[in-house]
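Heads up, the sequence shown is in this note's numbering, so the first residue is -13 and it goes up one at a time.
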Amino acid sequence: FEIVFRNPSYNDVKGDSGIIYDYSNNHIHFIDIDPYTGFVYATIGDGTVGRFVRSKHHGDPGTWETLETGTDAHYTSITFTPDFLFLGQDTNKQYKKMICWDKTKNYVSYNEPFWTTNMMDDPTQPPASYYDKGNWFWSYFFPKRNLLIAQYLPYGMETLANGQKQTPRLYATNDMGINWHRAITFPPVPHTEQPQSGFWGPKLASNIGPNGWIYAMRGTVSQEIHRGFRFRLKADSSGLGKHWESMK
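Here is the structure:
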């Protein structure tokens, strides 16, 4: 193993506005290779400021460039499509964003079109700040169906303003984010005797493979895993991914 990129670990860096950024709590959120370009991308978050980096040369030392740094750069998962990157965000920030990054411009596309869970559930509503507590845990793109699916994982079980619970759920789009829908709401997660917020909240971790199977485990951070299950996308003519086989 060799170190190919090192993020600053000090906390006295002043930005253009004179703000002292804190890098001391930064850690890697995600790293992967863009299958369309071969470039390596990594997201670094937490602390005061996040960082989004890329290497066009197999991740070799000295080839990493910073694409974005700042309070809005706390990205988590990356979904690769031919023209765009879809970036989930750690949601301790004001808005719980899923944004679209234009790979040719190296910047957020269309004057920052971003989507939050309340907009996805009700497209007529504007984004609501601090609406959910959680983050975009993973995402996956099926090129043959032009279908992108992303999991939102809440930290707690507080009731939202619309009366809904912050349950783990999947959102899907088949038109590059113009329209989203909630594809599935996962089963309720067991409660814990600890306060039901932050890192003590109910958890559900899952991931998806190219064959459409989704594997999930549910439980709490402070207790053992309670249940594991899997389910699979059904092929439907619309390609929207709204129909799912029963969970087994």
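Just so you know, even glycine gets a beta-carbon here, dropped at the ideal spot from N, CA and C.
query, result
"Counterpart residues of Trp166 in DSSP-defined beta bridges", "In DSSP, Trp166 forms no bridge with anything."
"Test item: CB-CB of Phe38 and Tyr22 under 9 Å", "no"
"C-alpha distance - Phe128 paired with Tyr116, whole-angstrom precision", "30 Å"
"Under the three-state DSSP convention, the category Asp161 falls into", "coil"
"Euclidean distance between Cα positions of Glu(-12) and Ala114", "43 Å"
"Through-space distance from Phe66 to Gly242, alpha-carbon basis", "With the chain covering only -13 through 234, there is no way to say anything about residue 242."
"Bridge-paired residues (DSSP) for Thr55", "Arg37"
"N-terminal and C-terminal residue of the beta strand (DSSP E) that Asp88 is part of", "Met84 to Asp88"
"Thr103 - containing alpha helix (DSSP H), residue span", "Thr103 to Asp107"
"Those residues which DSSP pairs with Thr29 across a bridge", "Phe16 and Phe38"
"Straight-line Cα distance separating Leu134 from Arg168", "12 Å"
"Delimiting residues of the beta strand (DSSP E) encompassing Pro140", "Leu133 to Pro140"
"Proximity of Met106 and Pro112 at Cβ, strictly below 9 Å", "no"
"Ala158 versus Asn(-7), Ile19, Phe72 and Asp32, residue with shortest Cα-Cα distance", "Phe72"
"Straight-line gap, Gly214 to Met203 (C-alpha atoms, nearest Å)", "4 Å"
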